[in-house]
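Single-structure report; data block below.
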């Protein structure tokens, strides 16, 4: 039996729910580290910023990108976004 046969395909709604849950988990982590004004949307905007050129990657890469996001990378992204004129 091939491992490819066991692959689960998520609908767009299910994928969005998984991403939202992961982003909220990362928000909770950042809040514990003292970053109180962070939202799940901010996390997703930061992580998905690099997908603009290359397109959305596979689910395991998205999960890795969200869960491995460090506060320094997030704050650098926020700072650059402010310089570019993004609204928060």
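Numbering (the numbering used here), first residue to last: 301 to 388. C-beta atoms are modelled at their ideal positions from N, C-alpha and C, and glycine is treated no differently. Predicted model only: the values in this text are computed from it and were never measured.
Check                                                                                                                                                                                       : Outcome
Give me, in chain order, the residues of the same chain whose beta-carbon lies closer than 8 angstroms to that of residue 369; leave out the 5 immediate sequence neighbours on both sides. : 326, 343, 346, 347
Quick check: what's the CA-CA separation for residue 379 versus residue 372?                                                                                                                : 10 angstroms
Any idea if residue 366 is buried or exposed, counting beta-carbon neighbours within 10 angstroms, 16 or more meaning buried?                                                               : buried
Give me the residue from 308, 361, 317 with the minimum Cα distance to residue 341.                                                                                                         : 317
Please identify the residue among 383, 374, 359 whose C-alpha is closest to the C-alpha of residue 312.                                                                                     : 359
Can you tell me which of the three DSSP states residue 380 falls into?                                                                                                                      : helix
Can you give me the C-alpha to C-alpha distance between residue 382 and residue 337, rounded to a whole angstrom?                                                                           : 15 angstroms
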